[in-house]
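Chains as they are written, first to last, in this note's numbering: chain A, 1 to 170; chain B, 171 to 340. The beta carbon of each residue, even a glycine, is placed where N, CA and C say it ideally should be.
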DNA sequence: CAATACATGATATGAAATAACATGACAAGT
DNA sequence: ACTTGTCATGTTATTTCATATCATGTATTG
Ligand SMILES: [Zn+2]
Ligand SMILES: [Zn+2]
Ligand SMILES: [Zn+2]
Ligand SMILES: [Zn+2]
């Protein structure tokens, strides 16, 4: 294992998710990227974990743990909550999937293999979710944290609003 | 009702929460400020609502709905979940209380009467919560949103880490 | 082939949130 | 005074999200 296989710094910050795109390629690329990181880092992308990741990549939007569980059941995997939550834990721990706190739901990472602190745009109408980059620690919040002596380890940034499609329709 | 009684713009952005302070005064001031806004805006700060607000101001940290409910029960109010959730809805709607999505819990606003988009610092060790200001729509995220055609209506910004006290102890 | 670590399966329970319906308080409008 | 409408509260039941725990299986690895 090449232990220096740290995620590369962010290069593009395009908020994949609302635009039209070649989704099949998008899924395959992401999956390949995750497989690559797993093999270089000795992580075990087991069948359940892989299936959950594939589902989330396919959907390209946030799914609740029980929605995932339903699909797992349909595919013959275990059907009890821990099955889904354990797979999700693994995927979240390793940055392949993010949890959307606002929705208590999960979405596949759009920039796997890159070290990033994600920010999300969540459409309140159609539930579409796009991932962008954030740098909250560099702005007002970072200053407040330093002033208060608070050590930021992780940030949740979620914007709620209307996606382009839903804005148009209204 | 003086309908021009919009919240004043933010003046101070001190992240109240971690520092020592005269807490009794802090509670009284906040409560007075909320009462003022309720009377000018014709909002009804009923006993349950007021009690919940007082509890959250007293505690000065995030409480779950069921913790609140326990306290309500102890004070002789209704003891079923909707009692707490309804009071919380009212308080959140009107900006007197904020929900911490990360914790599924609620905290009294530190800057009531000011229009603000709050950001929170949450200590993962002691659960202390401090409220600061954020301007997420002005930074990287705002740019991404504009680029994507996404209309931000509201943002959740929550930083997780170690508060000064817990950093010291470690 | 142990011994170990890790992953999965299944049962049970806990915690957060809401749906639906009934009752009560109060302020118009008649 | 009485009806009507609105808003708040109370209660029951249910749904949704999440975890603790124990048993079983399946890889490595010494
Ligand atoms: Zn895609
Ligand atoms: Zn990501
Ligand atoms: Zn205080
Ligand atoms: Zn606030």
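- Beta-bridge annotation (DSSP): residue 154/A is paired with 330/B.
- Distances between the C-beta of residue 196/B and the heavy atoms of ligand 4 are all 7 Å or more.
- Restricting attention to 103/A, 140/A, 114/A and 147/A, the CA atom closest to the CA of residue 132/A is found in 114/A.
- The Cβ of residue 54/A sits no closer than 8 Å to any Cβ of chain B.
- The C-beta of residue 320/B comes closer than 8 Å to at least one C-beta of chain A.
- Restricting attention to 191/B, 256/B and 210/B, the CA atom closest to the CA of residue 222/B is found in 256/B.
- If the five residues before and after residue 103/A are omitted, its C-beta is found closer than 6 Å to the C-beta atoms of 62, all from its own chain and listed in chain order.
- When 129/A, 154/A and 123/A are compared, the shortest CA-CA separation from residue 167/A is found for 123/A.
- For residue 332/B, the C-beta contacts it makes with chain A under 8 Å involve 150, 151 and 153, in order along the chain.
- According to DSSP, residue pairing for residue 291/B in a beta bridge involves 300/B and 329/B.
- With a cut-off of 7 Å, the C-beta of residue 193/B is classified as near ligand 3, since at least one heavy atom of the ligand falls inside that distance.
- Annotated three-state conformation of residue 61/A is strand, per DSSP.
- Collapsing the DSSP output to three states places residue 77/A in coil.
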